[in-house]
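Step one of this worksheet: look at the structure below.
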Amino acid sequence: MKTLVPVVLYLRMSSDKQECSIDDQRKALTDYCAKHGYRIVREYIDEGISGWKGKERLGFQRLIADATAREFVAVVCWDQSRFSRFSPVEANYYWHILQQSEVRVETIKEGRLDLDSLGGWLTASISQHGKAEYVRSLAHDVARGQRRQRDAGYWLTVAPFGYRKPEGKNQRLILGPADEIATVRRVFALRREGYGHRTIARMLNQEGIKARRASGWGMRTIAFMLTRQTYIGDSAYGQSSRPKFAAKGDRGVIKGTHPAIIDRETWDAVQKLAGVRRKRHGHSTGPGKNRSGALAGILHCANCGKAMYDIGKDDYYICGSYHGKGQCTHNKINRGAILRIVAEKIRERFLLGSVEKLTAAIEKAQAKAKATAPKYDLGEVRRQIAGIDQKLATAAERMMTIVPSLVKTMEAKMLDLQRQRELLEAKLEATAPTPKKRRTAKDIAADLWRLDEVLRKGSPTAIRTALSQRIERIDIRFEPYFPGKKRIYHRPSSGALYFTKGSNQSGWSTSTAASTGCQKWRTRPQRPASLPADGSPRAPRPTR
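Take the position in the sequence shown, starting the count at 1, then add 602; the result is the number in my numbering.
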């Protein structure tokens, strides 16, 4: 008895207006599988969703995840556009996942997608590009229509709280019920008086004022309301997000499209308050966390592995998993202390203690590179590369019209040309051209030495940029100590710098430090008795 090949069906349609419904696809695919000796293991369905969406297609995502279990060998669908309307780059990502799981894509209309050969892959990619461009063109047509309606002052979405939208097409906003209008004005008035978003939401909920959502008023709802230009009679579009296929710059404000609820003076005063709050806390960082500090993204707590944040007003870096979450201990270090330690280690590793030593090291490296550099005729190498590029371009064009029997031959020639090009590129890279004005070792050393000045006097942004080029990560380990109170405190005890690839990689274990080139330090060196031993702020007084 013949063994049936296990396959799965993928069924998708964007809307019920399409000719090929889910039922029609299922019937055609079932007949196709029966004819070819396929056994249907299961179906994956995405109904009413576009093919260019990835994460939103839950059936598609389950299919990709299940493919790794290797319970089936093929995905069968109506045509390539049913599988996806991704761009070729995104489609290749999912094709690669299926290939790694030894699962192929097969369609009724186009047949099996041949992704193993260069010719087949080119054909599938070109077809994918056409299907993606169809969606993009359609989206642009829809966007143009919406833009015309928007410019005419028509409201295209659900009316905000305090407004209503009459039924029918091409309608402008009108004022809603009096109680909603009064609520909007009260929210703006309270914020102008200095009340916070959370406090305003709590007041409205306690007074039983109804919100659009069944869960009542929330901090985010209030914050969003206070930034909507709709309430001053203007229509703002493209402010919070931009659709995938929207044109660049497709955002703006159309003034006076509907009646205003809030006067301009109140609006400006509330927006000024919002600007002060953003400046104090940092943009979109959450309460108290500042991700724009000098060591942002580099400094980590070694006890839990989480990033440490600059909390601004207290001049500390604090463990991110403690601040607001309480998952780690109250580990923190003084901002100035850690920057001094990092600057010291940078000087040891890269600046060699003095500009004279650094200049001598650069001169030695330049001499060695000059002595060992191979010699090639760079002009001839570049001409050969240009000739190969022309041959590859011609071959790629011919692949579109070549007869199937010659595809493999053409592929072999293209691969051989590509190998020749790689060898020529290696020669080009090995022979550095002699510049008209060669920078001296002294000039280079002076530029590097300015790094020390940046670390001492630079802005947080300048320091972060300079460090990110040399350091991958900084870990600080903390230890508990008992200052004679019942409460336990934690202070920094040791740390390590992990230099980026190409520099000495640091380790952590003190026993292997000598052999691994570990750049480590103790954060509690001997200091005068008048200063904290670890360079960090003194322990806070326990609360009673």
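Yeah, the Cβ is synthetic: ideal placement off N, Cα and C, and Gly gets one too.
Residue i versus residue j: straight-line alpha-carbon distance, rounded
{"i": "Tyr634", "j": "Pro690", "result": "27 Å"}
{"i": "Glu958", "j": "Ile1046", "result": "12 Å"}
{"i": "His799", "j": "Ser623", "result": "48 Å"}
{"i": "Asn905", "j": "Ala630", "result": "59 Å"}
{"i": "Ala876", "j": "Val760", "result": "25 Å"}
{"i": "Cys921", "j": "Glu965", "result": "43 Å"}
{"i": "Ile664", "j": "Asp716", "result": "The question names Ile, yet the displayed sequence has Arg at residue 664. For Arg664 and Asp716, the distance between alpha carbons rounds to 23 Å."}
{"i": "Leu1099", "j": "Arg822", "result": "39 Å"}
{"i": "Glu1150", "j": "Asp626", "result": "Given that the chain is displayed from residue 603 to residue 1146, the structure contains no residue 1150 and the question cannot be resolved."}
{"i": "Ile1073", "j": "His932", "result": "25 Å"}
{"i": "Gln1022", "j": "Lys1015", "result": "11 Å"}
{"i": "Lys812", "j": "Met615", "result": "39 Å"}
{"i": "Pro768", "j": "Pro861", "result": "14 Å"}
{"i": "Thr725", "j": "Asp718", "result": "12 Å"}
{"i": "Leu1017", "j": "Lys993", "result": "12 Å"}
{"i": "Thr1042", "j": "Tyr919", "result": "40 Å"}
{"i": "Gly1109", "j": "Met910", "result": "In this prediction, Gly1109 scores a pLDDT of 29, lower than 50, which makes its location untrustworthy; the coordinate-derived value is nonetheless stated afterwards. Computed Cα separation, rounded: 20 Å."}
{"i": "Gly981", "j": "Ile990", "result": "15 Å"}
{"i": "Thr605", "j": "Ala636", "result": "13 Å"}
{"i": "Glu1081", "j": "Ser923", "result": "16 Å"}
{"i": "Ala693", "j": "Leu1069", "result": "37 Å"}
{"i": "Ala791", "j": "Asn807", "result": "17 Å"}
{"i": "Ile776", "j": "Thr801", "result": "29 Å"}
Nearest residue (CA-CA) to residue i, options the options
{"i": "Trp819", "options": "Phe826, Thr829 and Ala803", "result": "Ala803"}
{"i": "Cys930", "options": "Glu1024, Gly907 and Thr632", "result": "Gly907"}
{"i": "Glu658", "options": "Asp1077, Asn936 and Ser686", "result": "Ser686"}
{"i": "Lys857", "options": "Arg1023, Asp865 and Ser837", "result": "Ser837"}
{"i": "Tyr612", "options": "Arg706, Asp648 and Val944", "result": "Asp648"}
{"i": "Gln702", "options": "Ala667, Ser727, Arg684 and Ile710", "result": "Ala667"}
{"i": "Gln831", "options": "Ile811, Arg815, Glu769 and Gly764", "result": "Gly764"}
{"i": "Pro1094", "options": "Arg714, Arg1075 and Asn936", "result": "Asn936"}
{"i": "Leu700", "options": "Ile776, Val677 and Arg684", "result": "Val677"}
{"i": "Ala669", "options": "Met910, Leu1017 and Val707", "result": "Val707"}
{"i": "Arg814", "options": "Glu782, Tyr797 and Glu795", "result": "Glu782"}
{"i": "Val643", "options": "Met805, Phe674 and Asp1018", "result": "Phe674"}
{"i": "Arg793", "options": "Phe826, Lys1044 and Ala898", "result": "Phe826"}
{"i": "Lys942", "options": "Ala969, Ala898, Leu724 and Asp1054", "result": "First, the residue type needs correcting, since residue 942 is Arg and not Lys in the sequence shown. Looking at the Cα atoms, Asp1054 is the closest of the given residues."}
{"i": "Gln773", "options": "Tyr756, Pro762, Ala780 and Ala784", "result": "Tyr756"}
{"i": "Ala871", "options": "Gly796, Lys934, Met805 and Val944", "result": "Gly796"}
{"i": "Arg1052", "options": "Ser956, Thr632 and Phe662", "result": "Ser956"}
{"i": "Phe688", "options": "Arg714, Asp979, His731 and Tyr646", "result": "His731"}
Exposure of residue i, with buried meaning 16 or more beta-carbon neighbours within 10 Å
{"i": "His902", "result": "buried"}
{"i": "Arg672", "result": "exposed"}
{"i": "Tyr1083", "result": "exposed"}
{"i": "His698", "result": "exposed"}
{"i": "Thr1011", "result": "exposed"}
{"i": "Arg1143", "result": "Residue placement at Arg1143 is flagged as unreliable, the pLDDT there being 40, under the threshold of 50; a coordinate-derived value is accordingly withheld."}
{"i": "Ser683", "result": "buried"}
{"i": "Tyr695", "result": "exposed"}
{"i": "Ala969", "result": "exposed"}
{"i": "Leu1008", "result": "exposed"}
{"i": "Thr1160", "result": "Absent from the structure is residue 1160, since the part of the chain shown begins at 603 and ends at 1146."}
{"i": "Ile863", "result": "buried"}
Check whether residue i and residue j have beta carbons under 8 Å apart
{"i": "Gly721", "j": "Glu999", "result": "no"}
{"i": "Arg1079", "j": "Gly1097", "result": "yes"}
{"i": "Arg766", "j": "Gly778", "result": "yes"}
{"i": "Val607", "j": "Gly650", "result": "no"}
{"i": "Trp869", "j": "Ile824", "result": "no"}
{"i": "Ala939", "j": "Ile1065", "result": "no"}
{"i": "Ile710", "j": "Trp680", "result": "yes"}
{"i": "Ile1076", "j": "Ile900", "result": "yes"}
{"i": "Leu828", "j": "Val855", "result": "no"}
{"i": "Val609", "j": "Arg641", "result": "yes"}
{"i": "Leu1019", "j": "Leu953", "result": "no"}
{"i": "Val983", "j": "Leu1057", "result": "no"}
{"i": "Ala898", "j": "Asp912", "result": "yes"}
{"i": "Glu1027", "j": "Ile987", "result": "yes"}
{"i": "Thr961", "j": "Lys1044", "result": "yes"}
Cutoff 8 Å: residue i Cβ touching any chain C Cβ
{"i": "Asp625", "result": "This model lacks chain C altogether, as it is built from one protein chain only."}
Exercise. What residue ranges within the segment 936-984 form continuous alpha helix (DSSP H) runs of no fewer than 4 residues, ordered along the chain?
Worked result: 937-948 and 957-974
For this session: Jot down the residue ranges of each uninterrupted alpha helix (DSSP H) in the segment 794-824, minimum 4 residues, whole runs only, in chain order.
Result: 799-808
For this session: May I have a chain-ordered list of the beta strand (DSSP E) segments no shorter than 3 residues that lie completely inside the segment 603-645?
Result: 607-615
Exercise. Curious, which full-length alpha helix (DSSP H) runs of at least 4 residues does the segment 644-683 contain?
Worked result: 660-669
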